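Asks: Numbering (the UniProt record's numbering), first residue to last: 1 to 262.
For every residue, glycine included, the Cβ atom is placed at its ideal position computed from N, Cα and C.
Since we're looking at a predicted model, the values are computed, not measured.
The structure under discussion is supplied below as structure tokens; questions concerning it will follow.
And the structure:
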């Protein structure tokens, strides 16, 4: 006869595995825009007198909030993880639902709700504005910030580049130029792509996933995309500096040349 799983059996299963495999319908995927708020619903209309609710963030299985109806006690641990949740958590006393306000990329990931011995998981992904605009003077360096202080141990970071997104209509795609796989502890930079325009210019931060381009040139202007398991951000990158224009004349046409004075 098959035995009913005990509380300790559930403890052996990490929240991310339950969510990613869809075990017992645990996967609840929610996507929100950076800066907005999100409510993770407990599914309850009212807690019972003997209920106990706990919310955890899967990063190091960190406790965020809990309600003990028996003692009529509500506790919010918003100073954990370097204070990334400080003044952002609101716990509904009646339903046990958890609201996170002013979302940043630091809040992306798996959340676990435990009601007595029953668990429910949420995967929260965060996307940025349509495009984050950054600009730098030719010859300088630029860092495209991921917004993370630390990459989660199961995450994968990818940076892609495309200089003309309008060509999507013709089947062109973003080119992968750098990635980090935390599970394999591997960093890869593809700086020989696109005729080597990025060669010896790229630097990837292993801790945060932020991406630096050194000695910037006009060829580096375009759209960059950061994508992880939990978020995605688009960047529009432009350059400024001194430019020189000159014309080449022919009997039938005129050509305009644009050169950057470095």
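Residue 124: which of 108, 115, 139, 132 sits nearest, CA to CA?
Replies: The candidate whose alpha carbon is nearest that of residue 124 is 108.
Asks: Going residue by residue through the UniProt domain "Immunoglobulin" (27 to 127), where are the continuous beta strand (DSSP E) segments of at least 3 residues, counting only ones entirely within it?
Replies: Complete beta strand (DSSP E) runs here, min 3: 29 to 33, 38 to 40, 52 to 57, 62 to 68, 73 to 76, 89 to 91, 98 to 100, 109 to 115, 118 to 127.
Asks: Residues in its own chain within less than 6 Å of residue 114 by CB, not counting five upstream and five downstream?
Replies: Within the same chain, residue 114 has close Cβ partners 54.
Asks: Rounding to the nearest angstrom, what Cα-Cα distance links residue 198 and residue 63 in this structure?
Replies: Computed Cα separation, rounded: 43 Å.
Asks: With residue 195 as the anchor, note down where its alpha helix (DSSP H) starts and where it stops.
Replies: Element bounds for residue 195: 193 to 196.
Asks: Under 7 Å Cβ to Cβ from residue 79, same chain only, skipping five residues before and after it: list those, please.
Replies: The residues are 86.
Asks: In angstroms, rounded to a whole number, what distance separates the CA positions of residue 93 and residue 236?
Replies: Whole-angstrom Cα-Cα distance: 43 Å.
Asks: Quick one: Cα of residue 209 to Cα of residue 72, how far?
Replies: Rounded to the nearest angstrom, the two C-alpha atoms are 42 Å apart.
Asks: Whole-angstrom Cβ separation of residue 147 and residue 101, contact assumed at under 8 Å?
Replies: No, residue 147 and residue 101 are not in contact; Cβ-Cβ is about 17 Å, not under 8 Å.
Asks: Taking residue 186 as part of the beta strand (DSSP E), name the residues at either end of that continuous run.
Replies: That run of the beta strand (DSSP E) goes 186 to 189.
Asks: Since residue 175 contacts residue 239 with CB under 8 Å, what's their CB separation in whole angstroms?
Replies: About 19 Å; that fails the 8 Å criterion.
Asks: Helix, strand or coil for residue 156, going by three-state DSSP, please let me know.
Replies: If DSSP states are grouped into helix, strand and coil, residue 156 belongs with the strands.
Asks: How far does the beta strand (DSSP E) with residue 222 in it extend, from its first residue to its last?
Replies: First-last of the beta strand (DSSP E) with residue 222: 222 to 227.
Asks: On the three-state DSSP scale, how would you describe residue 138?
Replies: Coil at residue 138, not helix or strand.
Asks: Residue range of the beta strand (DSSP E) that residue 151 falls in?
Replies: Element bounds for residue 151: n/a, residue is neither H nor E.
Asks: Along the chain, where does the beta strand (DSSP E) containing residue 181 start, and where does it finish?
Replies: Looking at the DSSP string, the run of the beta strand (DSSP E) that includes residue 181 is 175 to 181.
Asks: How long is the line joining the alpha carbons of residue 22 and residue 126, rounded to whole angstroms?
Replies: Because the pLDDT at residue 22 is just 39, under 50, the model does not fix this residue reliably, and the point stays unresolved.
Asks: Tell me which residues share the same chain as residue 74 and place their Cβ nearer than 7 Å to its Cβ, disregarding the 5 neighbours each side in the sequence.
Replies: Once the five neighbours on either side are set aside, the close Cβ partners of residue 74 are 67, 91, 93.
Asks: So residue 141 and residue 213 are supposed to be a Cβ contact under 8 Å. How far apart are they, rounded?
Replies: Yes, residue 141 and residue 213 are in contact; Cβ-Cβ is about 7 Å, under 8 Å.
Asks: Between residue 46 and the rest of its own chain, which residues show a CB-CB distance below 8 Å, the 5 nearest in sequence each way excluded?
Replies: Closer than 8 Å at Cβ, skipping near neighbours: 94, 95.
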